[in-house]
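According to the numbering used here, the sequence shown is numbered sequentially starting from 451. In this text, a Cβ means the ideal position worked out from N, Cα and C, and glycines have one as well. Structure, as structure tokens:
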Amino acid sequence: MMKIITWINFAAFILGVAGLGSAFLFRSKIFDAVLDGVKEELPSLVKEAMPSIPSVPTSTGGVNPFTK
451 MMKIITWINF AAFILGVAGL GSAFLFRSKI FDAVLDGVKE ELPSLVKEAM PSIPSVPTST
511 GGVNPFTK
């Protein structure tokens with residue numbers, strides 16, 4: 451039983467090292483893919499975060515502030 455657990459542990463270790471090694475070797479491709487995804491989502495995120503523009507009145511009051 452201990453021998454089986456040891457082999458499973460060894461296989462998991464090898465898979466982990468291989469996964470980290472491949473992630474290290476292809477880090478530029480992974481980074482570019484993530485950056486492209488962020489670039490695509492950024493305009494919609496900014497549009498959602500912007501508040502709505504308040505309405506502006508078409509005309510204002512008189513020019514002379516001393517008349518009531």
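**Q.** Where the alpha helix (DSSP H) containing Asn459 begins and where it ends
**A.** If you look at Asn459, you'll find it in the alpha helix (DSSP H) that goes Met452 to Leu475.
Length at least 4, wholly inside the segment 489-513: the alpha helix (DSSP H) runs in chain order = Within the segment 489-513, no complete alpha helix (DSSP H) run reaches 4 residues.
Can you tell me the Cβ-Cβ gap for Ile480 and Ala473, rounded? I've got them flagged as a contact below 8 Å. So it is a contact: roughly 7 Å between Cβ atoms.
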